[in-house]
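Reading through the structure tokens given below for one structure.
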Amino acid sequence: MTNMKKPKAIALFSGGLDSTLAILTVLRQGIDVTAITFLTHFGCDISDKSSCSKDPFSAAEKFGFEVKLCHLADKFIEVVKNPMHGHGRNMNPCIDCRILMLKEAKELMDVTGADFIITGEVIGQRPMSQMRNTLAMIDKKAGVSGIVLRPLSAKLFEPTIPEINGIVDRDKLHAFHGRSRKQQMALAKEFGLTDYPMPAGGCLLTEPNYSFRLRELLNHNPNPSLKDLHLLRTGRHFRVSASCKIIAGRDEKDNDKIESLAGEGDYILSIKNVGSPVTVLTGDGSQDFINLAAAICARYSDAKYLPSVDVSVYSKGERFVLKVNPATEEVIERYTIRMPESKKKELLKV
Ligand code: SF4
Numbered sequence: 005m006t007n008m009k010k011p012k013a014i015a016l017f018s019g020g021l022d023s024t025l026a027i028l029t030v031l032r033q034g035i036d037v038t039a040i041t042f043l044t045h046f047g048c049d050i051s052d053k054s055s056c057s058k059d060p061f062s063a064a065e066k067f068g069f070e071v072k073l074c075h076l077a078d079k080f081i082e083v084v085k086n087p088m089h090g091h092g093r094n095m096n097p098c099i100d101c102r103i104l105m106l107k108e109a110k111e112l113m114d115v116t117g118a119d120f121i122i123t124g125e126v127i128g129q130r131p132m133s134q135m136r137n138t139l140a141m142i143d144k145k146a147g148v149s150g151i152v153l154r155p156l157s158a159k160l161f162e163p164t165i166p167e168i169n170g171i172v173d174r175d176k177l178h179a180f181h182g183r184s185r186k187q188q189m190a191l192a193k194e195f196g197l198t199d200y201p202m203p204a205g206g207c208l209l210t211e212p213n214y215s216f217r218l219r220e221l222l223n224h225n226p227n228p229s230l231k232d233l234h235l236l237r238t239g240r241h242f243r244v245s246a247s248c249k250i251i252a253g254r255d256e257k258d259n260d261k262i263e264s265l266a267g268e269g270d271y272i273l274s275i276k277n278v279g280s281p282v283t284v285l286t287g288d289g290s291q292d293f294i295n296l297a298a299a300i301c302a303r304y305s306d307a308k309y310l311p312s313v314d315v316s317v318y319s320k321g322e323r324f325v326l327k328v329n330p331a332t333e334e335v336i337e338r339y340t341i342r343m344p345e346s347k348k349k350e351l352l353k354v
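Laid out in structure tokens, this is it:
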């Protein structure tokens, strides 16, 4: 009887089609897989529909592999602020993000005694992070050269160490490339994988509007709080001064979110008995700014045509009422944080 250890791999797993197929291709060779799903504050998580990550548990349950969740937290924020390899078209630091994820996977590999790492990358599928040279550079920077197997495109790369050592049978790997998903869909059918998400564009950092707001925030506050980052996803944003922002909800969902995110020291404004945005003032709460927040709140309420409106203000356990005129268009234009048209056109150019 041989006492050979069963080979084991750590997989970067978004829950999407490609990473699932990469895992299944390796599982089929009798190799144990532990999948790692990364979470960040920028929507790349399983609870967020805008994310490039989807629910990782259904495939794991169906096909029998373990999933570990790993929140990248502050490490990822640092990468977003200062990516060594720059941002993509928006604030997405995809190359540095991949390096970070591979470093984390390597740590898990070492701790668990796994033999290699799997990713679902397909060569030529995404512009920056999945070109051959870039992938080689990413592996090198992450300290994982030779031990990252990309089962969907493996035959288009030099053999990796697990292939050379005979742990992985190269003949049973694939040579997918490019943007078409036809081969992946055929393979999914072969595995009986029927319920998979359509590919998403990436995390929130690939969204032009979110990225614009984030850049604007970082310009004024290089160390934003989690509250500041989460608020970027919601409402209309107004920059009043370097240290003061006003955010007004656009609908009930925004209102609920703003209310739940507002922290101690913030001012929460709304108008009683009419449809009203919940409005929050964060930062410098001087009286002029509170008045402005009240005027903005009134401007987006159902009372916007009244000459003056009573706005209820709550902060630090105290509530008071301010009588204000709804903000004029000119005031709204002056303070709104909005991407200039020229920038939008630039981003639309491919
Ligand atoms: S889109 Fe880029 S930055 Fe965002 S999670 Fe995916 S690889 Fe990372």
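Last residue of the sequence shown: 354 in the working numbering, with the numbers rising by one and none dropped. Glycine included, C-beta positions come from ideal geometry on N, C-alpha and C.
Residue j beta carbon less than 8 Å from that of residue i
i, j, result
"residue 166", "residue 177", "no"
"residue 269", "residue 231", "no"
"residue 212", "residue 221", "no"
"residue 250", "residue 109", "no"
"residue 216", "residue 340", "no"
"residue 298", "residue 265", "no"
"residue 123", "residue 39", "no"
"residue 31", "residue 192", "no"
"residue 151", "residue 11", "no"
"residue 162", "residue 139", "no"
"residue 197", "residue 179", "no"
"residue 331", "residue 307", "no"
"residue 248", "residue 287", "yes"
"residue 335", "residue 315", "no"
"residue 29", "residue 155", "yes"
"residue 62", "residue 175", "no"
Spatial neighbours of residue i in its chain, beta-carbon cut-off 6 Å, leaving aside the 5 residues before and after
i, result
"residue 46", "207, 208, 209"
"residue 87", "97, 100"
"residue 304", "252, 281"
"residue 182", "128"
"residue 258", "238, 239"
"residue 318", "272"
"residue 267", "231"
"residue 360", "No answer is possible for residue 360: the residues shown for the chain start at 5 and end at 354."
"residue 324", "317"
Spatial neighbours of residue i in its chain, beta-carbon cut-off 8 Å, leaving aside the 5 residues before and after
i, result
"residue 142", "99, 102, 103, 106, 133"
"residue 164", "120, 150, 151, 152, 153, 158, 172"
"residue 348", "212"
Sequence-distant residues of its chain with Cβ nearer than 7 Å to residue i (five each side left out)
i, result
"residue 93", "351"
"residue 73", "41, 43"
"residue 244", "250, 293, 296, 339"
"residue 95", "84, 209, 215, 218, 219"
"residue 343", "212, 213, 216"
Residue i beta carbon near ligand 1 (any heavy atom closer than 7 Å)
i, result
"residue 11", "no"
"residue 206", "yes"
"residue 96", "yes"
"residue 74", "no"
"residue 1", "With the chain represented from 5 up to 354, any question about residue 1 goes unanswered, as that position is not in the structure."
"residue 209", "yes"
"residue 101", "yes"
Reduced DSSP secondary structure (H/G/I, E/B, other) of residue i
i, result
"residue 282", "coil"
"residue 171", "coil"
"residue 73", "strand"
"residue 136", "helix"
"residue 248", "strand"
"residue 293", "helix"
"residue 50", "The pLDDT assigned to residue 50 is 43, lower than 50, so where the model puts this residue is not dependable; a value taken from the coordinates is nonetheless given after this. Looking at residue 50 - three-state DSSP - the assignment turns out to be coil, as it is neither helix nor strand."
"residue 178", "coil"
"residue 84", "helix"
"residue 236", "coil"
"residue 199", "coil"
"residue 89", "coil"
"residue 214", "helix"
"residue 242", "strand"
"residue 318", "strand"
"residue 219", "helix"
"residue 273", "strand"
"residue 67", "helix"
"residue 9", "coil"
"residue 116", "helix"
"residue 374", "An answer regarding residue 374 cannot be provided, because it is not within the stretch 5 to 354 covered by the chain."
"residue 43", "strand"
"residue 102", "helix"
"residue 326", "strand"
"residue 340", "strand"
"residue 15", "strand"
"residue 126", "coil"
"residue 313", "strand"
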